[in-house]
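*Asks:* Dumping the structure here so I can ask a few things about it.
Chains as they are written, first to last, in our numbering: chain A, 1 to 279; chain B, 1 to 145.
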């Protein structure tokens, strides 16, 4: 069994051979925003989940117009092939890819293994920040078929349809918010959305080199917990970053037709008045 | 209550910076992250962990002859932001007496306006590193029997 959409990932060697390909833009998106400055793949640009992609005022993403400006300033054209990579097993690379698809950029891939594998293979890193000729990028209207909002999540929970909580087991049980000396994590209640199964995101990647696990292992992992392709699946975590990776795995590596990421995630649900919670 | 002078200087500097300058300065701090002294290598079990950070962070404090504390830190290079924030605290507090360290308010960094450059969770980590530096200062200050 191979991945459902093998073209959605590329290996580090492919990237190494396309460093100067004008039709390809390599984009680093990290959990730690300073990593790019410490050294990145030659020619890669940075898209930071926080300073680049978040709306400066509302809890939302940048607007379509702001997104167009980001792409235009990075020299991304509507037909550019985008390759995302990053730290932490590509969490934020998947998050950025998800948002680019939200605004209609379909031609986007993940570099399997991310920063970790690139570094392990002793491939070159540079501090030089490239600049590319400005483009005039035209985004599409947001694709809400890949993004879940709270009302839809509530319906999904009430109907006991598939919900995947990809946080660590202690976050799922609500134990973590009660740990002594643990800082306020932005949610007033602990636990999970009723009906959600707990499949921590990390189970989808190999710990040694951050690459994705083989298709058959992934299928066994999700189907074994009742997460099957025949129904709409909603994934969530704390702010939607770890669940972007699970969204990517379900949608592109396993080919589930209808998968949504709930970016409100626990920092919304755990604060939402009257929202049902299980422990 | 005044902050220790070196820490106050850093806070004032950041308060006056644009978002880009803050990020550049954090990078500069991360690049000057001090190496771990030989005797603390592989000594995490003797060090103070900081579980508030998403990164493994371990601290160690050594008291000098004049009573001041010098902090040593074990933080992986894959986490330059945490390294940068920890270096700010070490630069601002190294050499201070335990009581001076304990007098730093937990929210001393608010005037730095770091939230425009880094996420809230990282600020929790920053506050966590300070809280554990205070733990170390408290332990060192305690009378020894």
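A virtual CB, placed ideally from N, CA and C, is assigned to each residue, including glycine.
1. When the distance is taken between beta carbons, is residue 265 (chain A) closer than 8 angstroms to residue 240 (chain A)?
2. Tell me whether the region 28 to 46 of chain B and the region 106 to 124 of chain B touch, counting them as touching only if at least three CB pairs, one residue from each stretch, are closer than 8 angstroms.
3. Under 8 angstroms between C-beta atoms, does residue 27 (chain B) make it to chain A?
4. Do you know how far the Cα of residue 111 (chain A) is from the Cα of residue 137 (chain B)?
5. Is the CB of residue 80 (chain B) under 8 angstroms away from at least one CB in chain A?
6. Against residue 117 (chain B), what residues of chain A qualify as contacts under a CB-to-CB distance less than 9 angstroms, listed in chain order?
7. Mind pulling the chain A residues with CB within less than 9 angstroms of residue 30 (chain B)?
8. In three-state DSSP terms, what is residue 108 (chain A)?
9. Go ahead and label residue 47 (chain B) buried or exposed: buried means 16 or more other beta carbons lie within 10 angstroms of its beta carbon, across all protein chains shown.
10. Run through the region 33 to 121 of chain A for me and flag every whole beta strand (DSSP E) of 3 or more residues, listed as ranges in chain order.
11. For the alpha helix (DSSP H) containing residue 92 (chain B), name the first residue and the last one.
12. Can you have a look at residue 148 (chain B) and say buried or exposed, based on whether 16 or more other CB atoms are within 10 angstroms of its CB?
13. Is there a Cβ from chain B that is less than 8 angstroms from the Cβ of residue 186 (chain A)?
14. At the 8 angstroms Cβ level, is residue 87 (chain A) part of the contact set with chain B, yes or no?
15. With a cut-off of 8 angstroms, does the C-beta of residue 120 (chain B) fall near any C-beta of chain A?
16. Name the DSSP bridge partner or partners of residue 163 (chain A)?
17. Pairs of beta-carbons, one from the region 219 to 229 of chain A and one from the region 112 to 127 of chain A, closer than 8 angstroms: are there three or more?
*Replies:* Reading it off the structure:
1. A contact, by the Cβ cut-off of 8 angstroms.
2. Between the region 28 to 46 of chain B and the region 106 to 124 of chain B, the count of Cβ pairs shorter than 8 angstroms is below three; the stretches do not touch.
3. At least one beta carbon of chain A lies nearer than 8 angstroms to the beta carbon of residue 27 (chain B).
4. If I take the Cα positions, the gap works out to 45 angstroms.
5. Chain A contact via Cβ: present.
6. Simply 33, 50, 51.
7. Chain order gives the chain A residues near residue 30 (chain B) as 34, 37, 38, where near means a beta carbon separation below 9 angstroms.
8. Three-state result, residue 108 (chain A): strand.
9. Per the 10 Å Cβ criterion, buried.
10. The region 33 to 121 of chain A contains these whole beta strand (DSSP E) runs: 81 to 85, 108 to 111.
11. 80 to 93 is the extent of the alpha helix (DSSP H) around residue 92 (chain B).
12. Lying outside 1 to 145, the shown extent of chain B, residue 148 (chain B) is not represented and no answer is given.
13. Yes - at least one Cβ of chain B is within 8 angstroms of the one on residue 186 (chain A).
14. Residue 87 (chain A) counts as touching chain B.
15. It does: the Cβ of residue 120 (chain B) has a partner Cβ on chain A nearer than 8 angstroms.
16. The secondary-structure analysis by DSSP pairs residue 163 (chain A) across a beta bridge with A:234.
17. Between the region 219 to 229 of chain A and the region 112 to 127 of chain A, the count of Cβ pairs shorter than 8 angstroms is below three; the stretches do not touch.
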